[in-house]
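The structure appears below as structure tokens.
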Amino acid sequence: MCAMGVLAGCESSFGAHLSGETVTENELVRDVPEEVRPLEEKDPPAPYTENGVQYYFRAKGKYLSVYNGESFEDIYIKGVNLGLGKPGYFPGETAISREEYARWFRQIAEMNANCVRVYTIQPPAFYEAFYRYNRTADKPLYLFQGTWYDETRLIESADAYDEQLQQYLYQDMQQLVDLIHGNCTIEPVPGKASGTYLYDVSPYVIGWILGIESDANFVSTTNDNHPDTTTYKGSYISTENVEAFEVFWAQTGDYVVSYETEKYGMQRPVSYSNWPTADVLEHPSETMDEEYLVDLNMQNLKATDAFPCGLFASYHIYPYYPNFMYTEKAYSDYRDESGAVNTYKAYLEDLIALHDMPVVVAEFGVPASRGVTHANPYTGFDQGNHTDEEQGRMLVSMMQDIYDTGYAGGLVFTWQDEWFKRTWNTESHTNVNRRAYWCDVMTCEQHFGILDFVPGEEREAVIVDGDAAEWTQEDILLETQEMTLSVKHDCAYLYLMVNKKDADYDTQRLLIPFDVTPKSGSRVYEGISLNRAADFVLVVDGQEDTRLLVQSYYDRYQYEYDKYDKDIQTTPEMRDPGNALFQPVFHLLERELVLQDRAEIIPLQKFESGHLIFGVSDYASPQYNSLADYYYRGDILEIRIPWLLLNFRDPSTKEIEDDFWKNKYFSGIKADGIWIGLSAAEPWEQAPAESVPVELVRYQWDNWDYYPYFERLRKSYYMLQEQFAGLDI
2 MCAMGVLAGC ESSFGAHLSG ETVTENELVR DVPEEVRPLE EKDPPAPYTE NGVQYYFRAK
62 GKYLSVYNGE SFEDIYIKGV NLGLGKPGYF PGETAISREE YARWFRQIAE MNANCVRVYT
122 IQPPAFYEAF YRYNRTADKP LYLFQGTWYD ETRLIESADA YDEQLQQYLY QDMQQLVDLI
182 HGNCTIEPVP GKASGTYLYD VSPYVIGWIL GIESDANFVS TTNDNHPDTT TYKGSYISTE
242 NVEAFEVFWA QTGDYVVSYE TEKYGMQRPV SYSNWPTADV LEHPSETMDE EYLVDLNMQN
302 LKATDAFPCG LFASYHIYPY YPNFMYTEKA YSDYRDESGA VNTYKAYLED LIALHDMPVV
362 VAEFGVPASR GVTHANPYTG FDQGNHTDEE QGRMLVSMMQ DIYDTGYAGG LVFTWQDEWF
422 KRTWNTESHT NVNRRAYWCD VMTCEQHFGI LDFVPGEERE AVIVDGDAAE WTQEDILLET
482 QEMTLSVKHD CAYLYLMVNK KDADYDTQRL LIPFDVTPKS GSRVYEGISL NRAADFVLVV
542 DGQEDTRLLV QSYYDRYQYE YDKYDKDIQT TPEMRDPGNA LFQPVFHLLE RELVLQDRAE
602 IIPLQKFESG HLIFGVSDYA SPQYNSLADY YYRGDILEIR IPWLLLNFRD PSTKEIEDDF
662 WKNKYFSGIK ADGIWIGLSA AEPWEQAPAE SVPVELVRYQ WDNWDYYPYF ERLRKSYYML
722 QEQFAGLDI
């Protein structure tokens with residue numbers, strides 16, 4: 002290998018420079034900046050050579066294996082997926098620095114992981130940091146490299162044989178092969194990584210996982226448009242008597258192997274992104290007909306004798322989706338060795354039985370978010386509303402199931418939180434162009450990470466623990482004879498602190514009204530008059546019954562889902578912008594499910610997102626609860642409220658939800674802050690009509706395009722670290 006492997010393109014076993022001209026190592030090094038010149042560290046072992054082809058990895062039997070210079074050793078895959086997002090940036094900006102990647106690779110390895118997976122071309126900083134880590138580490142990290150589709154063209158054509166889509170994909174595969182060999186320059190294109198790729202990481206790329214989760218429309222349209230495309234005889238991958246999309250799989254895999262073999266004399270194993278909606282199992286209880294229309298089967302693809310690295314299958318398997326993961330009676334009846342219902346393991350056993358090649362669970366996970374999107378009512382392995390420790394316990398459980406059922410390994414989704422992401426039950430409530438600039442704890446997709454991005458320079462603006470030390474006189478918004486209300490914020494929460502003389506928060510209720518929008522609201526709540534029309538009321542009522550209530554006219558759930566939820570019915574009074582009806586804040590999880598295989602109905606599932614959790618948010622405390630919303634001790638009560646619960650679409654520009662009843666859709670308007678009040682009148686129902694209205698005072702803040710944050714490993718990291726240490730073959 003030339004120059005310790007850092008530069009492909011010089012005279013080496015991989016051939017000459019892209020230009021085709023023979024150039025020496027010294028000529029190339031002169032063009033490389035000093036800080037990226039070859040490092041004087043240990044070389045990887047020489048690759049295995051067979052029939053003139055070199056390779057370090059192969060898929061054979063149950064596992065992938067790695068060549069150590071003398072023989073192939075099976076490896077159990079244990080690692081993480083790694084995306085392109087970080088706070089304040091969208092993924093297409095590729096803003097993660099070399100230093101950040103270097104730190105993350107070290108932490109991932111210290112977690113006893115051995116693999117990282119990425120979905121598409123990463124910026125040069127990624128491959129440089131990856132190279133530098135592996136050249137100095139005692140044990141290398143391996144990389145599963147993915148390819149991407151042109152999503153715009155995919156949506157427009159929904160046909161895998163669309164000429165423009167294939168042109169993008171084949172160019173992407175060429176660039177990926179070249180860049181992992183440190184032999185590529187990609188010109189800037191909006192939304193895509195670019196730059197000069199100098200570092201040869203090919204000894205550490207364990208395999209290709211091509212494409213994305215293919216939805217039913219993409220697969221079925223391809224199959225319908227090309228009914229006669231049923232066979233492909235490639236040099237390295239072939240298939241016959243299949244539908245057109247599996248032929249497309251075979252063609253793309255054969256192309257990437259051909260290109261690398263012909264240009265660099267090297268190969269590596271191939272797989273394709275897949276998920277349970279496209280498995281070949283029968284699921285008689287499936288409720289999502291529109292998604293479960295196609296089958297994709299890796300067993301239909303065959304590696305030729307010229308491709309000894311082989312094929313492996315990969316699936317993204319989560320415990321709460323699709324619905325058959327828990328509606329299937331055989332799964333909900335399944336009990337594992339501990340006697341617990343384990344729908345996840347039941348599915349894993351069914352799927353692995355269909356394969357005679359290695360199978361990697363390329364994604365599995367649960368988010369440590371406050372919000373939740375899907376639920377598994379049998380196991381509680383839901384898509385959200387988990388503490389850090391619950392996330393860890395569930396990740397460990399799933400990884401153990403993956404290990405015990407004979408898979409080749411698993412890759413946790415995901416390494417870091419991704420603030421730019423969206424999910425179906427909150428996406429219409431936020432500004433799509435501003436998501437990366439604030440932390441929405443109600444959107445579960447943003448919080449799958451085992452690395453947490455925490456708002457603040459070095460610590461949170463407020464740690465909810467009943468300690469007033471972080472509050473100052475300047476934070477006081479209003480005060481009465483017996484109590485004060487202080488307010489702060491960051492990009493995730495609005496924080497409140499009540500200091501009440503001789504407080505007994507267990508028995509004495511507090512009322513905190515909020516005026517968010519000028520277009521609706523009530524000037525009265527339970528007999529208490531207000532000086533401004535309130536849209537929300539926070540009722541502090543002990544450790545179990547504290548909840549945020551929303552005026553019915555400003556209730557997004559009421560507007561969006563009353564036709565599905567039999568528990569609610571929109572009356573003419575509720576359509577009055579000034580009505581005095583306040584109700585709990587909900588998010589929908591699943592509409593009523595009618596199971597196809599038996600006379601059974603699973604009722605609509607919803608989550609009372611406005612029900613606050615009593616607990617301590619201090620990471621260092623034995624009482625730590627990452628979902629804690631409020632805590633009181635002595636006279637001090639501290640509260641944090643997620644911005645989305647107060648109908649903020651984007652707190653960074655003070656954008657709130659507009660009048661959706663009038664507009665007939667969700668959209669935003671700009672606010673001038675938020676008005677907040679405080680009352681301890683008891684009982685509210687008996688307050689005299691002539692009493693002085695509760696005063697609401699405006700709280701304001703400056704807009705931001707970037708909010709400072711720091712990194713913190715979630716408790717789940719350390720739980721996985723302990724488990725990974727013992728997972729070997």
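In terms of this note's numbering, the sequence shown opens at residue 2 and continues consecutively. Using N, Cα and C, we set each Cβ at its ideal position, and we do this for glycine too.
Proximity to residue 712 across 118, 526, 260 and 460 peaks at 460, based on C-alpha coordinates.
Excluding its 5 nearest sequence neighbours in each direction, residue 542 has C-beta neighbours in its own chain below 7 Å: 510, listed in chain order. Pairing residue 471 with residue 496, the inter-Cα distance amounts to about 12 Å.
Between residue 439 and residue 644, the beta carbon gap of about 7 Å places them in contact (Cβ cut-off 8 Å). For residue 717, the secondary structure class from DSSP, reduced to helix, strand or coil, is helix.
Assignment of beta-bridge partners to residue 489 by DSSP yields 496.
Residues of the same chain with a CB within less than 8 Å of the CB of residue 245, apart from the 5 flanking positions on each side, are 161, 162, 223, 224, 226, 227, 228, 230 and 231 in chain order.
With a 10 Å radius around the Cβ and a threshold of 16 neighbouring Cβ atoms, residue 72 comes out exposed. Residue burial annotation: residue 655 is buried, with at least 16 other C-beta atoms found within 10 angstroms of its C-beta.
Just measuring C-alpha positions, the residue of 499, 669 and 389 sitting nearest residue 715 is 389. Excluding residues up to 5 positions away in sequence, 722 lie with their Cβ nearer than 8 Å to the Cβ of residue 111 in the same chain. Beta-bridge partners assigned by DSSP to residue 390: none are found.
Short of 7 Å from the beta carbon of residue 407, and not among the five residues preceding or following it, lie these beta carbons of its own chain, in chain order: 63 and 353. Around residue 580, the same chain offers 523, 552, 553, 554 and 574 as residues with beta carbons nearer than 8 Å, after the five sequence neighbours per side are excluded.
The C-beta of residue 132 has 16 or more other C-beta atoms within 10 Å across all chains shown, which makes the residue buried. Excluding sequence positions up to five before and after residue 137, its CB lies within less than 6 Å of the CB of 42, all in the same chain and listed in chain order.
In this structure, the CA atom of residue 269 is about 14 Å from the CA atom of residue 174.
In the DSSP assignment, residue 604 forms no beta bridge with any residue.
C-alpha of residue 422 to C-alpha of residue 95: approximately 15 Å in a straight line.
Residue 64 sits in a strand when the DSSP states are folded into three classes. In the three-state scheme derived from DSSP, where H, G and I count as helix and E and B as strand, residue 253 is classed as helix.
Rounded to the nearest whole angstrom, the C-alpha separation of residue 331 and residue 299 is 25 Å.
In the DSSP assignment, residue 109 falls within the alpha helix (DSSP H) that extends over 99 to 111. A distance of 8 Å or more separates the beta carbons of residue 371 and residue 653.
In terms of Cα proximity to residue 141, the closest of 205, 550, 237 and 93 is 205. Per DSSP, the beta bridge partners of residue 455 are 711.
Here the C-alpha atom of residue 153 lies approximately 9 Å from the C-alpha atom of residue 166. In this structure, residue 78 places its C-beta atom within 8 Å of the C-beta atom of residue 411.
In the three-state DSSP reduction, residue 277 falls in the helix class (H, G or I).
With a cut-off of 8 Å on Cβ pairs, the stretch 360 to 368 is in contact with the stretch 306 to 322, counting three or more such pairs. In the displayed model, residue 299 falls within a helix according to three-state DSSP. Secondary structure at residue 632: strand, using DSSP grouped into helix, strand and coil. In the DSSP assignment, residue 730 falls outside any alpha helix (DSSP H), carrying neither H nor E. The three-state reading of DSSP puts residue 125 in helix, counting H, G and I together. With contacts defined as CB atoms closer than 8 Å, residue 171 and residue 488 fail to qualify as a contacting pair. Considering only 278, 706 and 502, the residue with the shortest C-alpha distance to residue 218 is 278.
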